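Below: one structure, written as structure tokens.
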Amino acid sequence: MLANSVVVLDFETSGMSPDYGDRAIEIGAVKIVDGIMVDQFQSLMNPGFRINSFIQDFTGIDNNMLSAAPGCEEVMAQFQEFVGDANLVAHNASFDKRFLDAEFAKIRASYSGQFACSMLLARRIYQEAPNHKLGTLVSYRNIEHDGVFHRALADAQMTAKLWLAMLEDIGDQYQCWDLPFQFVGKLSKTPKKAVAKLLAQYQEKANPI
DNA sequence: TGCCAGGCCCTCTTTAGGGCCTT
Numbered sequence: 025m026l027a028n029s030v031v032v033l034d035f036e037t038s039g040m041s042p043d044y045g046d047r048a049i050e051i052g053a054v055k056i057v058d059g060i061m062v063d064q065f066q067s068l069m070n071p072g073f074r075i076n077s078f079i080q081d082f083t084g085i086d087n088n089m090l091s092a093a094p095g096c097e098e099v100m101a102q103f104q105e106f107v108g109d110a111n112l113v114a115h116n117a118s119f120d121k122r123f124l125d126a127e128f129a130k131i132r133a134s135y136s137g138q139f140a141c142s143m144l145l146a147r148r149i150y151q152e153a154p155n156h157k158l159g160t161l162v163s164y165r166n167i168e169h170d171g172v173f174h175r176a177l178a179d180a181q182m183t184a185k186l187w188l189a190m191l192e193d194i195g196d197q198y199q200c201w202d203l204p205f206q207f208v209g210k211l212s213k214t215p216k217k218a219v220a221k222l223l224a225q226y227q228e229k230a231n232p233i
């Protein structure tokens, strides 16, 4: 696995908190290598209980679909293979990381990559955007989409396109291309007012006079 | 059936509160 591969993932879940018994019901992911989307992963998963009507309406995933789906354990084991040692990205990553950690813990699986958040990066790169919801940012950046929202693979694909668009915009605006993943993670947590300064420092290091 | 969370970040801040985001 190349060091610069990134897996952008999105979970649909039965609720907000794995600590209160919520489970993943669908996972979608896109693998990016050298800035190109090269592979994808998608599966519904049966959480072992019925999901409520709000989640069914919100996602379009119903209990009949889940009763025919493989169990979370089987799907997450396959997903571990897909992830390998890639770094990870999600929109509002703290949410998806909680579910990834909880589902992996149930099958004693783990991952070695670092997590970055497209929402935190967008708050710094697109400070003037109306808000930083995934759908808003996709429209704001004129990213092509098929109109499907709140399904795991569609949201992962949009997040992947947004991630690449942000890296491209950083390059165009600050002349900082091929930013290492760890640096982007640092950038997404730096105070908003310090973003330009941090990028200028990086550019200086990357292109010493 | 209905309920539940938590990290980040701003400000009327730091001995705190509340909005944003995710399902």
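Here the first sequence is numbered in the numbering used here, starting from 25 and rising by one per residue.
Beta carbons: idealized from backbone N, C-alpha and C, even for Gly.
Note that the structure is a prediction, hence the values are computed from the model and not measured.
query = Which residues mark the beginning and the end of the alpha helix (DSSP H) in which Ile194 is found?
reply = By 1-based counting over the first sequence, the position of residue 194 is 170. Ile194 -> alpha helix (DSSP H) spans 176 to 198.
inquiry  = Can you find the residues in the same chain that come closer than 7 Å, C-beta to C-beta, to Asp193, ignoring five residues on each side of it along the sequence?
reply    = The count along the first sequence starts at 1 and reaches residue 193 at position 169. Excluding sequence neighbours, Asp193 sits near Ile149.
Exercise. To which residues of the same chain is Lys216 closer than 8 Å at the C-beta, ignoring the five residues directly before and after it?
Worked result: Here residue 216 refers to the residue found at position 192 when the first sequence is read from its first residue. Around Lys216, the same chain offers Arg147, Arg148, Gln151 as residues with beta carbons nearer than 8 Å, after the five sequence neighbours per side are excluded.
- prompt: What is the DSSP secondary structure of Asn88, reduced to helix, strand or coil?
  reply: For the purposes of this step, residue 88 is identified with residue 64 of the first sequence, where counting begins at 1. Correct three-state label for Asn88: helix.
Can you tell me which of the three DSSP states Asp81 falls into?
Stepping through the first sequence from its first residue, residue 81 is reached at position 57. Helix.
* Cβ contact check for the segment 133 to 148 and the segment 47 to 60: 3 or more pairs under 8 Å -> In this structure the segment 133 to 148 does not lie against the segment 47 to 60, because fewer than three pairs of beta carbons, one per stretch, are closer than 8 Å.
* Asked: Nearest to Met89 by CA position, among Leu68, Phe82, Gln227, is which residue?
  -> As a working mapping, residue 89 is identified with position 65 in the first sequence. Check the Cα spacing between Met89 and each of Leu68, Phe82, Gln227: the tightest is with Leu68.
What residue range is occupied by the uninterrupted beta strand (DSSP E) comprising Ala140? Numbered from 1 along the first sequence, position 116 holds the residue referred to as residue 140. For Ala140, the enclosing beta strand (DSSP E) begins and ends at 139 to 141.
Using only CA atoms, which one of Gln64, Asn87, Asn116, Leu161 lies nearest to Gly72?
Position 48 of the first sequence, counting from 1, holds the residue named residue 72. With distances taken between Cα atoms, Gly72 lies closest to Asn87.
Alpha carbons only, please: which of Ala153, Asn111, Glu36, Phe119 is nearest the one belonging to Cys96? In the first sequence, the residue the question calls residue 96 occupies position 72. With distances taken between CA atoms, Cys96 lies nearest to Glu36 out of Ala153, Asn111, Glu36, Phe119.
* Asked: In three-state terms, what does DSSP make of Ala93?
  -> Taking the first residue of the first sequence as 1, we reach residue 93 at position 69. Ala93 sits in coil when the DSSP states are folded into three classes, being neither helix nor strand.
Margin query: DSSP three-state label for Ile49, please.
Written below: Within the first sequence, the letter at position 25 stands for residue 49. Note: Ile49 maps to strand in three-state DSSP.
request  = At 4 residues or longer, and completely inside the segment 108 to 147: list those alpha helix (DSSP H) runs for me, N to C.
outcome  = For the segment 108 to 147, the full-length alpha helix (DSSP H) segments reaching 4 residues or more read 117 to 130 along the chain.
- [ ] Enumerate in chain order the residues of its own chain whose CB-to-CB distance from Tyr44 is below 6 Å, with the five nearest sequence positions on each side excluded.
- [x] As a working mapping, residue 44 is identified with position 20 in the first sequence. Excluding residues within five positions, none has a Cβ falling inside 6 Å.
For this session: Can you check DSSP and say which residues form a bridge with Leu33?
Result: Against the first sequence, residue 33 aligns to sequence position 9. DSSP output for Leu33 lists Ala53 as bridge partner(s).
Between Val32 and Val107, which are expected to be in contact by the criterion C-beta below 8 Å, what is the C-beta distance as a whole number of angstroms?
-> Along the first sequence, read from residue 1 onward, the residue named residue 32 stands at position 8. Along the first sequence, read from residue 1 onward, the residue named residue 107 stands at position 83. Not confirmed; about 11 Å, so no contact.
Note to self: Once DSSP output is grouped into helix, strand and coil, what is the label at Met69?
What the structure shows: The count along the first sequence starts at 1 and reaches residue 69 at position 45. Look at Met69 here: in three-state DSSP terms it is coil, with no helix or strand label.
Meets three-Cβ-pair contact criterion under 8 Å: the segment 179 to 194 and the segment 113 to 123: Judged by Cβ distances under 8 Å, the segment 179 to 194 makes contact with the segment 113 to 123, as three or more pairs qualify.
Roughly how far, in whole angstroms, is the beta-carbon of His169 from the beta-carbon of Met182, given that I think they are within contact range, below 8 Å? For this step, residue 169 is matched to residue 145 along the first sequence. For this step, residue 182 is matched to residue 158 along the first sequence. Yes, they are in contact, since the Cβ atoms of His169 and Met182 sit about 5 Å apart, within 8 Å.
### Message
In whole angstroms, give me the CA-to-CA distance for Leu223 and Leu145.
### Response
Counted from its first residue, the first sequence places residue 223 at position 199. Counted from its first residue, the first sequence places residue 145 at position 121. A direct Cα-Cα distance of roughly 13 Å separates Leu223 from Leu145.
Practice item. Starting from Gln64, follow its DSSP beta bridges and name the residues at the other end. Key: The sequence position of residue 64 within the first sequence is 40, counting from 1. DSSP, once it has assigned bridges, lists Val54 as partnering Gln64.
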